[in-house]
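J.:
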Amino acid sequence: MTSKTDIKQLSRLSTKKGRNEYGLYLIEGLRIIRSALRAQAPINRIFVTARFEESVDYQSISNLFNKILKPEIIDEKTMKQITQTVTPSGILAVCSLPKITELPSTIASNWLYLDKIADPGNLGTLLRSAAWFGTTQVALSPHCADPFNPKVMRGGMGAHFSLQMVTNCDLRQFKSSDHLIIGADHRGMSIVDFNNNAKDWVLVIGSEAHGISKENSNHIEYSLSIPANGSGNSLNAAVAGSIMLYCLNNL
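At position 229 of the sequence shown the residue is numbered 228 (numbering that gives the first Met the number 0), and the sequence of numbers has no breaks.
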């Protein structure tokens, strides 16, 4: 049974302070929770509404529940209170925050580096694209949005569970790893003309408002742009980063 204390604690997980205090975060929605269950993410509790329990969606996911992790039934008002969304999906899970990770001593493969991406929607989309295009290692600079913000989780659509993420990462840490540090910049060389010669890379995406930060721009070895075929002012950070991830992974 969900007590008032439970509800108060769960509601606080919508804030970064609450997540850090309890070491927990929320995920909501059928597709994200299915991804978490399949990835054997550290889920502590699952809540569903009575309406969701009677749905076809519930039947499609119930085989992933085990005997220990049984869904708890809550009413729709409580679900709204916890998720702080107008139209919650009817299924919610509580997960343990991963331990803070640092860059491995030997940095291999390709990385996506997100430089002060403060918009949760952009961050979620970039994480989703990184997983889709196979760049499964992501570093976040200080002052990025919290990757476990509910809006980021929704935007990521389960990508979190297939990525290795490092937070509060200094781009200079890649300088000693022989990675090619590439910056997304509208003034740079067209990515169509770029030849990487099979070297591991780090793709740096800056914020939509300010681009790559001054402290990180000094470490960029190649600046790449996306050529336009039509009109418009620019691409947003998430769209530009997604296109570049596709191109770099298919060069």
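Cβ coordinates follow ideal geometry from the N, Cα and C atoms, glycine included.
(1) By DSSP, does A237 sit in helix, in strand, or in coil?
(2) With burial defined as no fewer than 16 other Cβ atoms inside 10 Å of the residue's Cβ, what is the status of Q301: buried or exposed?
(3) One question on the structure: do S206 and A138 come within less than 9 Å of each other, judged by their Cβ atoms?
(4) Starting from the Cα of S95, find the closest Cα among P146, N43, D114 and give me that residue.
(5) Assuming the contact rule is C-beta atoms closer than 8 Å, A158 and L126 should be a hit. Round their C-beta distance to whole Å, please.
(6) Just mark P122 as buried or exposed, buried being the case when its beta carbon has 16 or more other beta carbons within 10 Å.
(7) Let me check understanding here. Comparing Cα to Cα, which of L244, H185, E52, Q163 lies closest to E101?
(8) What number of angstroms, rounded off, separates the C-alpha of I106 from the C-alpha of N196?
(9) Mark V85 as exposed unless 16 or more other C-beta atoms lie within 10 angstroms of its C-beta, in which case mark it buried.
(10) Which residue from K213, E75, T124 puts its Cα closest to that of P146?
(11) Who pairs with D74 in a beta bridge, going by DSSP?
(12) Name the two residues that bound the continuous alpha helix (DSSP H) containing S10.
(13) Within 8 Å, do at least three Cβ pairs link the segment 10 to 24 to the segment 146 to 156?
(14) For L63 versus L202, is the C-beta spacing smaller than 9 Å?
(15) List the residues that DSSP assigns as beta-bridge partners of L111.
(16) Measuring CB to CB, does L113 end up less than 9 Å from C143?
(17) Report the three-state DSSP secondary structure of I42 (helix, strand or coil).
T.: This is what the structure gives:
(1) helix
(2) Outside the shown range of the chain, which is 0 to 250, sits residue 301, and nothing can be said about it.
(3) no
(4) N43
(5) 5 Å
(6) Inspection of the sequence shows that residue 122 is occupied by Leu rather than by Pro. Its Cβ being crowded by 16 or more others within 10 Å, L122 is buried.
(7) Q163
(8) 18 Å
(9) exposed
(10) T124
(11) Looking at the DSSP assignment, D74 forms no beta bridge with any residue, so it has no partner.
(12) 3 to 11
(13) yes
(14) no
(15) V137, L202
(16) yes
(17) strand
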